[in-house]
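If you read the sequence shown in our numbering, its first letter stands for residue 113, the second for the next number, and so on.
Here's the structure, in structure tokens; my notes come after.
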Amino acid sequence: MEIAVIWVPDDIEPLEPALSACFYHTCRRGYRLAAIVRAPREALEQTMIDVEVDVVVIADRAHLPANRSPRIEVAPELPAHPLPVAGSQARQMASRRCRPHVS
113 MEIAVIWVPD DIEPLEPALS ACFYHTCRRG YRLAAIVRAP REALEQTMID
163 VEVDVVVIAD RAHLPANRSP RIEVAPELPA HPLPVAGSQA RQMASRRCRP
213 HVS
């Protein structure tokens, strides 16, 4: 399982849409979430030094730095209906599968 860090630059407002998109992407990809960084790029770089990171997830291409390592992925916007509108048991199972693993 790959280890992910969600990065939302500290000047992004409101936070919730970006964070929701990143959580959803992390869940869908099956990443283990190691940290959420809401700070300038330098703090993200320090987190990447302190924690083994396979991927950084961001909410918008505009947040991409010029030189990026490790890999950085952009989480797409949340779909109108992210979980199937099936029975309640199917929704419960889907929500359990989509919980990011936080260490």
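We put the CB at the ideal spot given by N, CA and C, even for glycine.
query: Cβ-based neighbour list, P152, same chain, cut-off 8 angstroms, excluding 5 preceding and 5 following; result: P121 and D122
query: For E114, three-class secondary structure by DSSP; result: coil
query: Reference P170, options G142, I124 and D162, closest by Cα; result: Residue 170 is actually Ile in this sequence, not Pro. That would be I124, whose Cα lies nearest to the Cα of I170.
query: Length of the line joining the Cα atoms of Y136 and I161; result: 25 angstroms
query: Assigned secondary structure, A218 (DSSP; H/G/I helix, E/B strand, else coil); result: Residue 218 lies beyond the residue range present for the chain, which begins at 113 and ends at 215; the question has no answer from this structure.
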